[in-house]
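Read the structure below first, then the notes.
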């Protein structure tokens, strides 16, 4: 089974229609049983906040959340996020801390160049579906 870890930079572009490539990637990968797409529970909050800001129904977050497995934000996630040495924004550190604390052997899916660089420095393969089209 291939595990992919989805961050907000791709999830939001797909949800808001800002990147057809991101939406197609999510649809194609989640349609295949041999793939598992996961994210941190914090993604739910990120999607909610952006949908509220944009005046869109919060229920739209289920378009993304309904095809993911979520990693709970635990003390282990906080500790892993705090231990990351290279600079990365706080929410991105929580996303990476989720991967680390859950012990996932995952490819990090992001459109954020800093997130991708830090993930690679931590030994994770990365992929940016937004850059494909």
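In my numbering, the protein residues as written are 1253 to 1385. By construction, the Cβ of each residue, glycine as well, lies at the ideal position given by its N, Cα and C atoms. Since the structure is predicted, the reported quantities are computational estimates derived from the model, not experimental observations.
Residue i and residue j closer than 8 Å at C-beta
i: residue 1332; j: residue 1352; result: yes
i: residue 1294; j: residue 1346; result: yes
i: residue 1292; j: residue 1323; result: yes
i: residue 1275; j: residue 1283; result: no
Sequence-distant residues of the same chain with beta carbon closer than 7 Å to residue i, five excluded per side
i: residue 1403; result: The structure shown does not extend to residue 1403, since the chain is modelled only from 1253 to 1385, so the question has no answer here.
i: residue 1310; result: 1300, 1303, 1304
i: residue 1277; result: 1381
Own chain partners of residue i with C-beta closer than 6 Å, once the 5 adjacent residues on each side are dropped
i: residue 1363; result: 1261, 1262, 1380, 1382
i: residue 1298; result: 1260
CB-CB length for residue i against residue j, believed under 8 Å
i: residue 1378; j: residue 1371; result: 5 Å
Limits of the beta strand (DSSP E) - the one that residue i falls within
i: residue 1254; result: 1254 to 1258
i: residue 1290; result: 1287 to 1292
i: residue 1322; result: 1321 to 1323
Neighbourhood of residue i by C-beta distance below 8 Å, restricted to the same chain and skipping five residues each side
i: residue 1253; result: 1286, 1287, 1288
i: residue 1340; result: 1348, 1366, 1367, 1370
i: residue 1270; result: 1264
heavy atom of the ligand FAD below 7 Å from residue i C-beta
i: residue 1362; result: As far as ligands go, the structure on display features none, and thus does not contain the ligand FAD.
**Report entry** Runs of beta strand (DSSP E) lying entirely within the region 1337 to 1373, each at least 3 residues, in chain order
**Finding:** 1358 to 1361
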